[in-house]
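> Protein chains in written order, with our numbering: chain U, -17 to 183; chain R, 8 to 664. Cβ coordinates follow ideal geometry from the N, Cα and C atoms, glycine included. Could you have a look at this structure, given as structure tokens, before my questions?
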């Protein structure tokens, strides 16, 4: 009896240790992602004035539209936080609902972004037009690509929680996902400020 | 269906055909040998699917040595071309071919030789030195390795199918843009590096976590062996520099594939931004490579001088200082850009400052030798060779750190000689010392000393003969990457001397390969089961040789620096294991290998614009990762009787010796 308890304890401590390691490693990965975005921001900063006769930022950005996008993403971060909170309280149903809400908000954000890209291209302002537009599409698009990955990941994690319940492993994955999602939120705040706000001023 | 791939891609001139045929021949030979000796299952079970960092490390070094052979043949061809192509003679190859060769030489040597040797060593040594059984993320480690292999294969495929980049090892735009390099060469370069680079990035995350989270009890940071410290510095640089490489390559790819204008010479693009970005990665990369070599020398010098390393703390501070400073010097690669006197002055001064911690390290090694009982074994010879060549390289580096001087020497052979002094004299010598030093730990026998020494002397003499003429040529005005020059320049004799030096290095490499082969054949003469052939100082030597797959039957407890030396001298005895730990290790899996194969297919598809070949493997990778995340029981507990059997057998062997 004692023996099995010890084995079980052992297993828990190993799992805890693994979770700690994974969280730490994931933080490191996020920092590398941060450097990646920093490089893209640097490119944007260098190239944003090189419009080569094409439109400037203020000619193509519509602030109310961007603000709506921003609010969607910020709210999705909030619902993602709720999912994490209730995961710790072991309330599977609320976690799943919160994740679905996050997914819908994230998807709406992505749709709005793609719509914006699409209308720019239709108006003849594609990434081929100038260095400014190249760096704009790349910076914002890389964020969008991250969001897309996050959405796919959310499906996988939600499915695992739905199937297997809130075990140590699935909570760990949810924690990683939520770190990722919040990180993307922060990056978006920078994009909102540097690209859009400073672009229209 | 096949994108841009046509039969044209398979037509080559004689030299390339010879290279392709020898590669295919070597591949066929390997297949035949594996079949004849019925080793396919062994290959799959023991190597391709392994998650053991020791085996992954050995595979890294194996691949790196193969690539060294390719890289040195490129170098040899270049030397022959430059020695013969003067005046009326056009040398042995066309200008385009020459350009591809120097691009391939640099790319191969840095990314697939130096990086491969480095990650190989880190895999082998770091877990053992910090008293751990594994790395933090074993599967990611395997994926890193197989991505490295995928990149390596892509580079070599360019030889047989299509062409390689002719834009230099860093592919500066606008030359590397579609307008000036319309072929697939630059695309091969981009995707080989991108794939291998992502592997390196993952490794960086992995080893930082390993070092910071998996040290055995008592192994405080300031008790860590210096090799681990140097790896920590180097990996910190990896995680902060490699994302920049990823971005730079991606942006160049976007320019070439999507018609963007980051680095084009029109539409507002800015080619100089590429140069800034690539060196913001490239300069740290130099230190990524050299820091672990510094770590190796710290181990080697202390061991073979039978002394504690002089100034351990300052060695650590020096590593940290180099790690930070290496980010503040990148602009010295292009003083001629025209950034202005103040900017150039800043980067010039920073470059001189970074020489100081490096100097501290050199002096500390020398002081370690001072009054030590120095044994001039092969690793120690490499160290001494390193001190000479590296110091010369350092001094010429500081000369070029003065912007006005650099304006004269920029892109000349003086520069080429300088960085070969650093990379051969520093990095390669360091890793060769490491191979000689740690080989017995993983194979149970030492490498042949005689051939090792002979190889060293050929290398060092060849090195001086090959590169001192280049310094002189550089001052005489010879620029790098010349496929032809006028006879009236009077350069030919020096180029011939340099070619002779390259020949000596080739002999040195042949002797290195011979050393390994002879040592394997005559392994009985150099056997070492004891586990500590050099009377060394750190934990890796406390295990049996070859190291059992679980590293330590009982995790050691550390009380001071040089834990194993202390244990041997009865200060803090490492207790004989009576009860073994419960050891949990990851099960083998083919996922890493599969991802490597798929990544290669993606790369090939992208190079030739074969959409389905790029997209389908990508989807498979995603499915594999999802499958893996749902997999349970990926670990197993090593049965106690297995540990007991191995431990007892090792003890018997050690006693019998």
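Any chance the stretch 606 to 626 of chain R sits against the stretch 561 to 577 of chain R, with 3 or more Cβ pairs inside 8 Å?
no
> Does any C-beta atom of chain R lie closer than 7 Å to the C-beta of residue 163 of chain U?
Counted from its first residue, the first chain places residue 163 of chain U at position 181. Not an interface residue.
> Please report the distance separating the alpha-carbon of residue 137 of chain R from that of residue -1 of chain U.
Within the second chain, numbered from 1, the residue matching residue 137 of chain R stands at position 130. Within the first chain, numbered from 1, the residue matching residue -1 of chain U stands at position 17. Distance between the alpha carbons of residue 137 of chain R and residue -1 of chain U: 17 Å.
> Return the chain-ordered list of same chain residues with a C-beta closer than 6 Å to the C-beta of residue 597 of chain R, the five sequence neighbours on each side being excluded.
As a working mapping, residue 597 of chain R is identified with position 590 in the second chain. Taken in chain order, the residues that qualify are 56.
> Buried or exposed for residue 1 of chain R, going by 16 or more other Cβ atoms inside 10 Å?
With chain R covering 8 to 664 only, the question about residue 1 of chain R has no answer from this structure.
> On the three-state DSSP scale, how would you describe residue 593 of chain R?
In the second chain, counting from the first residue as 1, residue 593 of chain R sits at position 586. Looking at residue 593 of chain R - three-state DSSP - the assignment turns out to be strand.
> Which whole-angstrom value is the C-beta distance of residue 133 of chain R and residue 238 of chain R, which I expect to be below 8 Å?
Counting from 1 along the second chain, the entry for residue 133 of chain R is found at position 126. Counting from 1 along the second chain, the entry for residue 238 of chain R is found at position 231. Their Cβ separation, rounded to whole angstroms, is 6 Å, which keeps residue 133 of chain R and residue 238 of chain R in contact under 8 Å.
> Which residues mark the beginning and the end of the beta strand (DSSP E) in which residue 642 of chain R is found?
Here residue 642 of chain R refers to the residue found at position 635 when the second chain is read from its first residue. It spans 642 to 644 - the beta strand (DSSP E) in which residue 642 of chain R sits, taken as one unbroken run.
> Where do the N-terminal and C-terminal ends of the alpha helix (DSSP H) with residue 125 of chain R fall, by residue?
What you label residue 125 of chain R is simply residue 118 of the second chain in a count that begins at 1. Element bounds for residue 125 of chain R: 122 to 136.
> Rounding to the nearest angstrom, what Cα-Cα distance links residue 619 of chain R and residue 604 of chain R in this structure?
Residue numbering aside, residue 619 of chain R sits at position 612 when the second chain is read from its first letter. Residue numbering aside, residue 604 of chain R sits at position 597 when the second chain is read from its first letter. Cα to Cα, residue 619 of chain R sits roughly 15 Å from residue 604 of chain R.
> According to DSSP, is residue 310 of chain R part of a helix, a strand, or is it coil?
Counted from its first residue, the second chain places residue 310 of chain R at position 303. Residue 310 of chain R: helix per DSSP, three-state reduction.
> On the three-pair Cβ rule with 8 Å, is the stretch 468 to 488 of chain R touching the stretch 414 to 431 of chain R?
yes
> How should residue 97 of chain U be labelled, buried or exposed, when 16 other C-beta atoms within 10 angstroms of its C-beta is the threshold for buried?
Along the first chain, read from residue 1 onward, the residue named residue 97 of chain U stands at position 115. Flag for residue 97 of chain U reads exposed.
> In chain R, what lies closer than 9 Å to residue 109 of chain U by C-beta?
Position 127 of the first chain, counting from 1, holds the residue named residue 109 of chain U. In chain order: 261, 265, 266, 267 and 268.
> If residue 521 of chain R sits next to residue 439 of chain R, beta carbons under 8 Å apart, how far is it from one beta carbon to the other, in whole angstroms?
Taking the first residue of the second chain as position 1, residue 521 of chain R is located at position 514. Taking the first residue of the second chain as position 1, residue 439 of chain R is located at position 432. Contact between residue 521 of chain R and residue 439 of chain R is absent: CB atoms are separated by about 14 Å, not below the 8 Å threshold.
> Does any residue of chain U have a CB that is nearer than 7 Å to the CB of residue 246 of chain R?
On the second chain, residue 246 of chain R is found 239 positions in, with the first residue counted as 1. Residue 246 of chain R counts as touching chain U.
> Starting from residue 525 of chain R and walking both ways along the alpha helix (DSSP H), at which residues does that stretch end?
In the second chain, counting from the first residue as 1, residue 525 of chain R sits at position 518. Note, residue 525 of chain R: alpha helix (DSSP H), 499 to 528.
> Which chain R residues sit within Cβ distance under 8 Å of residue 138 of chain U?
As a position in the first chain, residue 138 of chain U is number 156, starting the count at 1. Neighbours of residue 138 of chain U on chain R, chain order: 633 and 636.
> My understanding is that residue 357 of chain R touches residue 332 of chain R, with C-beta atoms under 8 Å, so please give their C-beta distance in whole angstroms.
In the second chain, the residue the question calls residue 357 of chain R occupies position 350. In the second chain, the residue the question calls residue 332 of chain R occupies position 325. That belief holds up - the Cβ atoms of residue 357 of chain R and residue 332 of chain R are roughly 7 Å apart, short of 8 Å.
> Identify whether residue 452 of chain R lies in helix, strand or coil by the three-state DSSP scheme.
The residue labelled residue 452 of chain R in the question sits at position 445 within the second chain. Of the three classes helix, strand and coil, the one that applies to residue 452 of chain R here is strand, per DSSP.
> When DSSP labels each residue in this structure, what does residue 628 of chain R get in the three-state scheme?
Start at 1 with the first residue of the second chain, and residue 628 of chain R comes out as number 621. Helix at residue 628 of chain R.
> Specify the secondary structure class of residue 552 of chain R as computed by DSSP and reduced to three states.
Position 545 of the second chain holds residue 552 of chain R. Residue 552 of chain R falls in the coil class under three-state DSSP.
> Taking Cβ positions only, does residue 679 of chain R come closer than 7 Å to chain U?
Here chain R covers residues 8 to 664 and nothing more, so residue 679 of chain R does not appear.
> Within 7 Å (strictly less), CB to CB, does residue 280 of chain R reach chain U?
Within the second chain, residue 280 of chain R is the residue found at index 273, counting from 1. Yes - at least one Cβ of chain U is within 7 Å of the one on residue 280 of chain R.
> Grab me the residues of residue 36 of chain R's own chain with a C-beta within less than 8 Å of its C-beta, minus the 5 sequence neighbours each way, in chain order.
Position 29 of the second chain, counted from the start, is the residue given in the question as residue 36 of chain R. Cβ within range, chain order: n/a, list empty.
> Among R:235, R:116, R:186 and R:387, which one has its Cα closest to the Cα of residue 135 of chain R?
Translated into the one-based positions of the second chain, residue 135 of chain R becomes position 128. Residue 135 of chain R has its Cα closest to that of R:235, out of R:235, R:116, R:186 and R:387.
> Which runs of the alpha helix (DSSP H) at least 4 residues long sit entirely within the stretch 423 to 484 of chain R? Give them in chain order.
Fully enclosed alpha helix (DSSP H) runs of 4 or longer: 436 to 450 and 456 to 483.
> When DSSP labels each residue in this structure, what does residue 419 of chain R get in the three-state scheme?
As a first step, residue 419 of chain R must be located in the second chain, where it is residue number 412. Residue state, collapsed to three classes: strand.
> Pull up the distance between the alpha-carbon of residue -17 of chain U and that of residue 644 of chain R, whole angstroms please.
In the first chain, the residue the question calls residue -17 of chain U occupies position 1. In the second chain, the residue the question calls residue 644 of chain R occupies position 637. In this prediction, residue -17 of chain U scores a pLDDT of 37, lower than 50, which makes its location untrustworthy; the coordinate-derived value is nonetheless stated afterwards. Spanning the two alpha carbons is a distance of roughly 20 Å.
> Please list, in chain order, all residues of the same chain as residue 11 of chain R whose beta carbon is under 6 Å from its beta carbon, the five residues on each side excluded.
Against the second chain, residue 11 of chain R aligns to sequence position 4. These residues qualify, in order along the chain: 615 and 616.
> When Cβ atoms are compared, which residues of the stretch 19 to 30 of chain U fall closer than 7 Å to chain R?
Of all residues in the stretch 19 to 30 of chain U, only 21, 22, 25, 28 and 29 come within less than 7 Å of chain R when Cβ atoms are compared, listed by chain position.
> Using the beta-carbon of each residue, which ones in chain R are nearer than 8 Å to residue 142 of chain U?
Reading the first chain from its first residue, position 160 is the one you call residue 142 of chain U. What residue 142 of chain U touches in chain R: 636 and 637.
> Look at the alpha carbon of residue 499 of chain R and the alpha carbon of residue 30 of chain U, and state the distance between them as a whole number of angstroms.
Counting from one through the second chain, the residue named residue 499 of chain R turns up at place 492. Counting from one through the first chain, the residue named residue 30 of chain U turns up at place 48. When rounded, the distance between both Cα atoms is 49 Å.
> Residue 303 of chain R and residue 211 of chain R look like a contact to me (Cβ under 8 Å); what is the Cβ gap, rounded to whole Å?
On the second chain, residue 303 of chain R is found 296 positions in, with the first residue counted as 1. On the second chain, residue 211 of chain R is found 204 positions in, with the first residue counted as 1. That pair is no contact at about 19 Å.
> So which residues on chain U does residue 251 of chain R lean against when the C-beta distance must stay under 7 Å?
Here residue 251 of chain R is taken as the residue at index 244 of the second chain, counted from 1. The contacting residues are 17 and 21.
> Quick check: the Cα distance between residue 101 of chain U and residue 14 of chain R, rounded to an integer number of angstroms?
For the purposes of this step, residue 101 of chain U is taken as residue 119 along the first chain, with counting starting at 1. For the purposes of this step, residue 14 of chain R is taken as residue 7 along the second chain, with counting starting at 1. Spanning the two alpha carbons is a distance of roughly 41 Å.
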